[in-house]
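Protein chains: 2
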Amino acid sequence: MENEVDGLDKRKAYILATVVYEYIATGEPVGSQALTQKYNLGVSSATVRNEMADLEAGGYLEQPHTSAGRVPSDAGYRTYVDALMSPEELGADERRRIRDEMRDARAQLDEIVEQSSRLLGRLAGNLAFVTKPQSDTQSFRYAQLIWIAERSGIAIIVTSLGVASQSLFELRNDVTPDDLTRLSNALNAHFAGRLLRDCDERSLSALTKSCGFGDDMAAAVRAAFVGARTQEQPGISASGAQHLLDQPEFRDVRKLRSILRILEEQRTLYDLVADAFDSPSASVKIGHELGSEELADLSLVTVPYRFGERAVGMLSILGPRRMPYARLLALASGTAETLSERLHDVEVK
Amino acid sequence: MENEVDGLDKRKAYILATVVYEYIATGEPVGSQALTQKYNLGVSSATVRNEMADLEAGGYLEQPHTSAGRVPSDAGYRTYVDALMSPEELGADERRRIRDEMRDARAQLDEIVEQSSRLLGRLAGNLAFVTKPQSDTQSFRYAQLIWIAERSGIAIIVTSLGVASQSLFELRNDVTPDDLTRLSNALNAHFAGRLLRDCDERSLSALTKSCGFGDDMAAAVRAAFVGARTQEQPGISASGAQHLLDQPEFRDVRKLRSILRILEEQRTLYDLVADAFDSPSASVKIGHELGSEELADLSLVTVPYRFGERAVGMLSILGPRRMPYARLLALASGTAETLSERLHDVEVK
DNA sequence: CCTTCGCACTCGCTTGCTCGGAGTGCTAAA
DNA sequence: TTTAGCACTCCGAGCAAGCGAGTGCGAAGG
Chain A
340 MENEVDGLDK RKAYILATVV YEYIATGEPV GSQALTQKYN LGVSSATVRN EMADLEAGGY
400 LEQPHTSAGR VPSDAGYRTY VDALMSPEEL GADERRRIRD EMRDARAQLD EIVEQSSRLL
460 GRLAGNLAFV TKPQSDTQSF RYAQLIWIAE RSGIAIIVTS LGVASQSLFE LRNDVTPDDL
520 TRLSNALNAH FAGRLLRDCD ERSLSALTKS CGFGDDMAAA VRAAFVGART QEQPGISASG
580 AQHLLDQPEF RDVRKLRSIL RILEEQRTLY DLVADAFDSP SASVKIGHEL GSEELADLSL
640 VTVPYRFGER AVGMLSILGP RRMPYARLLA LASGTAETLS ERLHDVEVK
Chain X
340 MENEVDGLDK RKAYILATVV YEYIATGEPV GSQALTQKYN LGVSSATVRN EMADLEAGGY
400 LEQPHTSAGR VPSDAGYRTY VDALMSPEEL GADERRRIRD EMRDARAQLD EIVEQSSRLL
460 GRLAGNLAFV TKPQSDTQSF RYAQLIWIAE RSGIAIIVTS LGVASQSLFE LRNDVTPDDL
520 TRLSNALNAH FAGRLLRDCD ERSLSALTKS CGFGDDMAAA VRAAFVGART QEQPGISASG
580 AQHLLDQPEF RDVRKLRSIL RILEEQRTLY DLVADAFDSP SASVKIGHEL GSEELADLSL
640 VTVPYRFGER AVGMLSILGP RRMPYARLLA LASGTAETLS ERLHDVEVK
């Protein structure tokens with residue numbers, strides 16, 4: 340039937356949308372009378388009551404207790420996000436303001452990422468976090484092996500986003516500064532422009548040995564590349580936790596503790612967004628979809644940002660399930676866009 | 340008189356110490372009866388009551404409201420910390436455990452610092468934070484200028500703790516890779532081993548020009564050194580905020596918000612410990628001594644850690660004024676010691 | 001003169017109670 | 001199928017009483 344949305348007839352869908360909208364706005368369970376008074380539904384509260392009972396039976400709404408209003412369930416939010424809400428766009432002035440504020444950060448990768456998480460946290464009024472660009476999706480730019488003594492040195496690797504990773508190495512055989520320069524040049528010539536993850540250990544070893552070096556040097560080179568590849572992996576910049584305190588759902592201090600703990604365990608934070616890397620566009624996880632009882636009344640909005648064609652990191656907003664999804668999606672997308680642009684300022688060409 | 344401590348006769352001092360001790364232990368205002376029952380004071384509660392009234396008049400104790408027990412004031416805690424409490428030492432097994440846990444971090448400066456803040460936060464059951472080594476107290480080890488194109492390159496600077504800072508530069512005149520190598524060698528020969536803060540801009544420029552380069556190259560070199568000097572300045576690793584939620588003083592959510600905000604503004608966090616750099620040993624700041632009304636019922640314990648002879652950073656514990664000062668000082672000192680040792684693992688010799 | 005005892009008083013916290021408001025479900029009529 | 005009416009439920013605010021811990025002070029005691 341043309342009038343159905345997600346298995347709900349038009350009126351049910353509209354009532355569900357209104358309930359979710361109203362609950363997001365007020366934070367209070369919404370009752371049938373309040374709804375008919377505030378929104379022009381064209382039917383009486385008794386009708387709404389019947390529809391609400393159906394929606395509850397269908398799993399879209401819940402009642403905190405008898406004789407209270409209705410509250411959306413995970414499924415209710417899900418339907419709202421997928422089918423009912425109207426997407427928002429940022430206004431031109433908002434875009435401009437985001438761009439201006441991002442300009443405050445110096446052209447350093449870390450600063451730009453941190454600035455975007457601060458900005459997003461403030462704009463969204465929620466906890467925001469941004470993963471640093473996955474270094475294995477960056478490409479290799481330069482290697483430089485620096486001679487310290489006959490049997491030791493420092494390997495420095497520069498990637499397309501300018502992240503220099505450095506590692507000390509020790510050798511079993513003597514080398515000269517010229518040896519290291521020769522090897523550096525060979526590495527640069529052979530790997531320049533490749534993705535870091537495609538600089539596999541075998542060809543690194545092969546190249547090193549073809550320059551006349553032994554296993555020790557090959558191991559040092561491999562270690563340097565592995566270091567560069569994994570270095571910034573779970574680096575995450577988070578910001579805006581204090582906004583969560585404004586939400587009534589955090590009157591309960593235990594909730595808050597879960598959040599703070601998660602904030603400090605970057606590992607967990609990273610896992611939350613990890614599977615968003617599979618999908619190329621924005622993703623929303625609601626309540627239990629986050630896979631943890633502790634986080635069951637939170638939601639997460641995740642949007643990728645790009646370097647060139649490639650999605651290299653994620654901007655996320657974590658907040659109460661009762662969050663203005665359309666608005667936050669727009670804010671996250673806008674920030675992601677600006678962040679993507681600014682990445683070109685730190686690019687090593 | 341031999342029996343006086345800080346202007347208090349022996350009995351008053353003992354009662355003050357007991358009140359502070361008991362209040363730290365229980366978190367409840369302590370009354371005269373409770374005190375005489377729990378501790379063997381040898382006098383009746385009425386006497387204690389009189390003494391307490393004196394201590395209150397002297398500004399050492401406060402009453403939350405009439406007919407409640409007494410609570411230490413800033414001055415009361417101050418006297419306790421300075422003169423009354425008995426210092427603690429860590430047991431051998433505790434030291435060992437700290438050392439073991441610090442071994443989990445890889446030999447990378449950032450990881451070691453982060454590990455120590457996590458560890459201290461957990462052991463102290465409070466918010467702990469650790470400043471990264473001030474880079475201007477580190478010494479210069481190596482510079483390497485990498486040729487990218489005729490008029491651009493990357494400058495990499497390695498300090499004694501292995502922090503490689505990198506900066507892109509653009510030139511007005513062409514250079515060759517050999518030019519850059521020559522200049523790198525000159526910089527290494529001239530500045531090796533100096534403190535970064537002693538690599539002043541004038542001598543950098545002079546050296547660059549004496550190698551036959553122009554103002555543009557001199558500016559690039561200066562910028563690289565300034566970048567290295569200021570890079571990690573306010574870098575702070577914090578951990579353990581969730582423990583604060585266990586403290587009864589944070590039932591009030593507004594308190595918590597101040598803390599979270601401060602946590603995110605690394606600037607403020609840094610200011611808190613900044614003047615501790617002047618004193619070579621542990622320092623304790625109590626309540627209003629922190630200089631902010633928001634922080635008035637918190638205290639801060641700060642202990643320096645060293646690289647060689649020099650204090651290069653600070654470990655701090657921020658928690659409720661009602662904190663076990665002696666214990667936390669011992670924990671912070673123990674962690675600082677271990678952190679200092681581990682710094683040698685990342686040293687670039 | 002300092003210490004102790006006894007006593008009246010204060011104040012905050014907990015418990016129990018009432019009461020109003022908002023909301024529901026059900027039944028019967030339109 | 002929608003609506004009006006009604007009885008019922010439940011939460012939460014507001015209030016009063018009682019309890020307990022503590023104080024200050026005057027009088028008695030060493």
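Protein chains in written order, with the numbering used here: chain A, 340 to 688; chain X, 340 to 688. Built from N, CA and C at the ideal position, the CB exists for glycine as well. In this text the structure is predicted, and so the values were computed from the model without any measurement.
>> Does chain X have any CB closer than 8 Å to the CB of A/Y609?
In response: Indexing the first sequence from 1 puts residue 609 of chain A at position 270. Chain X places no beta carbon closer than 8 Å to that of A/Y609, leaving this residue out of the contacts.
> What are the uninterrupted segments assigned as beta strand (DSSP E) that are 3 or more residues long and contained completely in the region 463–506 of chain X, given in chain order?
Replying inline: Runs found: 466–470, 479–488 and 491–498.
>> Counting beta carbon pairs with one atom in the region 630–644 of chain X and one in the region 585–602 of chain X, are three or more of them shorter than 8 Å?
In response: In short, these stretches touch, since the Cβ pair count reaches three.
> Would you call the region 510–524 of chain A and the region 543–563 of chain A in contact, with 3 or more CB pairs under 8 Å?
Replying inline: A contact exists between the region 510–524 of chain A and the region 543–563 of chain A.
> Out of curiosity, what's the CA-to-CA distance linking A/S523 and A/S544?
Replying inline: For the purposes of this step, residue 523 of chain A is taken as residue 184 along the first sequence, with counting starting at 1. For the purposes of this step, residue 544 of chain A is taken as residue 205 along the first sequence, with counting starting at 1. Just so you know, the alpha carbons of A/S523 and A/S544 end up roughly 13 Å apart.
> Does the distance from the C-beta atom of A/E686 to that of A/L500 stay below 8 Å?
Replying inline: Residue 686 of chain A sits at position 347 when you count from the first residue of the first sequence. Residue 500 of chain A sits at position 161 when you count from the first residue of the first sequence. Taking 8 Å as the Cβ cut-off, A/E686 and A/L500 qualify as a contacting pair.
> CA-CA distance, X/Q605 and A/A494?
Replying inline: What you label residue 605 of chain X is simply residue 266 of the second sequence in a count that begins at 1. What you label residue 494 of chain A is simply residue 155 of the first sequence in a count that begins at 1. Approximately 31 Å between the Cα atoms of the pair.
> Given X/Q483, which residues of its chain have a CB within under 6 Å of its CB, disregarding the five upstream and five downstream residues?
Replying inline: For the purposes of this step, residue 483 of chain X is taken as residue 144 along the second sequence, with counting starting at 1. Taken in chain order, the residues that qualify are I495 and S523.
> Does any CB atom of chain X fall closer than 8 Å to the CB of A/S478?
Replying inline: Against the first sequence, residue 478 of chain A aligns to sequence position 139. Not an interface residue.
> So X/K349 is in the alpha helix (DSSP H); what residue range does that whole segment cover?
Replying inline: Reading the second sequence from its first residue, position 10 is the one you call residue 349 of chain X. Membership of X/K349 in the alpha helix (DSSP H) is indicated by the continuous run K349 to T365.
> Does the beta-carbon of A/T677 have 16 or more other beta-carbons within 10 angstroms, so that it is buried, or is it exposed?
Replying inline: As a working note, residue 677 of chain A is residue 338 in the first sequence. Buried, since its Cβ has 16 or more Cβ neighbours within 10 Å.
> Beta-carbon of A/I485 versus every beta-carbon of chain X: anything under 8 Å?
Replying inline: Your numbering for residue 485 of chain A matches position 146 in the first sequence. With 8 Å as the cut-off, A/I485 counts as an interface residue toward chain X.
>> Measuring only the C-alpha atoms, how far is X/R541 from A/F468?
In response: What you label residue 541 of chain X is simply residue 202 of the second sequence in a count that begins at 1. What you label residue 468 of chain A is simply residue 129 of the first sequence in a count that begins at 1. X/R541 and A/F468: Cα-Cα distance of roughly 42 Å.
>> So that I know if they touch, is there some Cβ in chain X lying closer than 8 Å to that of A/Q402?
In response: Counting from one through the first sequence, the residue named residue 402 of chain A turns up at place 63. Closer than 8 Å: no.
>> Would A/V505 pass as an interface residue toward chain X - the criterion being a Cβ-Cβ separation below 8 Å?
In response: Residue 505 of chain A sits at position 166 when you count from the first residue of the first sequence. Reading off the sequence shown, one finds Gln at residue 505 of chain A, where the question assumed Val. At least one beta carbon of chain X lies nearer than 8 Å to the beta carbon of A/Q505.
> According to DSSP, which residues form a beta bridge with X/R649?
Replying inline: As a position in the second sequence, residue 649 of chain X is number 310, starting the count at 1. Paired residue(s): X/F646.
> With distances taken from CA atoms, which of A/L394, A/A422 and A/Y419 is nearest A/R409?
Replying inline: Counted from its first residue, the first sequence places residue 409 of chain A at position 70. When each option's Cα is compared against that of A/R409, the closest is A/L394.
> Could one say the Cβ of A/I656 lies closer than 8 Å to chain X's Cβ atoms, at least one of them?
Replying inline: Along the first sequence, one-based indexing puts residue 656 of chain A at 317. It does not: the Cβ of A/I656 has no partner Cβ on chain X nearer than 8 Å.
>> Taking the straight line between their C-alpha atoms, what separation do you get for A/S425 and A/Q581?
In response: As a position in the first sequence, residue 425 of chain A is number 86, starting the count at 1. As a position in the first sequence, residue 581 of chain A is number 242, starting the count at 1. Rounded to whole angstroms, A/S425 to A/Q581 spans 29 Å at the Cα level.
> If you draw a straight line from the C-alpha of A/L675 to the C-alpha of A/L667, how long is it?
Replying inline: Counted from its first residue, the first sequence places residue 675 of chain A at position 336. Counted from its first residue, the first sequence places residue 667 of chain A at position 328. The amino acid at residue 675 of chain A is misidentified as Leu; the sequence shows Ala. A direct Cα-Cα distance of roughly 12 Å separates A/A675 from A/L667.
> Measuring CB to CB, does X/R559 end up less than 8 Å from X/F479?
Replying inline: Within the second sequence, the letter at position 220 stands for residue 559 of chain X. Within the second sequence, the letter at position 140 stands for residue 479 of chain X. For the sequence presented, residue 559 of chain X should be read as Ala rather than Arg. It is not a contact, given that the beta carbons lie outside the stated cut-off.
> Going by the beta-carbon positions, is the gap between A/L639 and A/L654 smaller than 8 Å?
Replying inline: The sequence position of residue 639 of chain A within the first sequence is 300, counting from 1. The sequence position of residue 654 of chain A within the first sequence is 315, counting from 1. No; because the gap between Cβ atoms is not below 8 Å, this pair is not in contact.
> Taking A/L670 as the reference, which of A/D475, A/R434 and A/Q454 has the closest Cα?
Replying inline: Here residue 670 of chain A corresponds to residue number 331 of the first sequence, with the count starting at 1. Comparing Cα positions, the closest option is A/R434.
>> Give me, in chain order, the residues of the same chain whose beta-carbon lies closer than 7 Å to that of A/K548; leave out the 5 immediate sequence neighbours on both sides.
In response: Residue 548 of chain A sits at position 209 when you count from the first residue of the first sequence. If the five residues before and after A/K548 are omitted, its C-beta is found closer than 7 Å to the C-beta atoms of A557, all from its own chain and listed in chain order.
> When you compare each of X/Y416, X/P619, X/F646 and X/D614 to X/Y664 by their alpha carbons, which one comes out closest?
Replying inline: Here the question's residue 664 of chain X lines up with position 325 in the second sequence. Selected option, being the one with the closest Cα: X/Y416.
> Using a beta-carbon distance cut-off of less than 7 Å, what residues from the region 587–599 of chain A approach chain X?
Replying inline: Within the region 587–599 of chain A, the qualifying residues are V592, L595, R596 and L599.
> So with Cβ pairs under 8 Å, would you call X/A562 a contact of chain A?
Replying inline: On the second sequence, residue 562 of chain X is found 223 positions in, with the first residue counted as 1. No, no contact with chain A.
> Exposed or buried, which one is X/G398 when buried takes at least 16 other CB atoms within 10 Å?
Replying inline: In the second sequence, counting from the first residue as 1, residue 398 of chain X sits at position 59. With a threshold of 16 other beta carbon atoms within 10 Å, X/G398 falls short and is exposed.
> Given that X/E603 touches chain A, what residues does it touch there, using C-beta distances under 9 Å?
Replying inline: Translated into the one-based positions of the second sequence, residue 603 of chain X becomes position 264. Residues of chain A passing the Cβ test: R457, G460, A577, S578, G579, A580 and Q581.
> Roughly how many angstroms separate the alpha carbons of X/P659 and A/Y481, rounded to a whole number?
Replying inline: Taking the second sequence and counting its residues from 1, the one referred to as residue 659 of chain X is at position 320. Taking the first sequence and counting its residues from 1, the one referred to as residue 481 of chain A is at position 142. C-alpha separation (whole angstroms): 50 Å.
> Does X/G464 get closer than 8 Å to chain A when you measure Cβ to Cβ?
Replying inline: Position 125 of the second sequence, counted from the start, is the residue given in the question as residue 464 of chain X. Not one chain A Cβ lies under 8 Å of X/G464.
> Among the residues of its own chain, which have a CB less than 8 Å from the CB of X/P368, if the five just before and after it don't count?
Replying inline: Position 29 of the second sequence, counting from 1, holds the residue named residue 368 of chain X. Listed in chain order, the non-local C-beta contacts of X/P368 below 8 Å within the same chain comprise Y362, Q402, P403, A407, G408, R409 and V410, local neighbours out to five positions each way being set aside.
>> Distance check for A/T569 and X/I575, CA to CA, integer angstroms please.
In response: The residue labelled residue 575 of chain X in the question sits at position 236 within the second sequence. The residue labelled residue 569 of chain A in the question sits at position 230 within the first sequence. Distance between X/I575 and A/T569, taken at the CA atoms: about 22 Å.
> So, is the C-beta of X/G370 closer than 8 Å to a C-beta in chain A?
Replying inline: One-based indexing of the second sequence puts residue 370 of chain X at position 31. No, because no Cβ of chain A sits closer than 8 Å to the Cβ of X/G370.
> The alpha helix (DSSP H) with A/S425 in it runs from where to where?
Replying inline: Locating residue 425 of chain A in the first sequence gives position 86, where the first residue counts as 1. Where A/S425 is concerned, there is no enclosing alpha helix (DSSP H), given that its DSSP letter is neither H nor E.
> When you compare each of A/L380, A/V344, A/R536 and A/L611 to A/D475 by their alpha carbons, which one comes out closest?
Replying inline: In the first sequence, counting from the first residue as 1, residue 475 of chain A sits at position 136. It is A/R536 whose Cα lies nearest to the Cα of A/D475.
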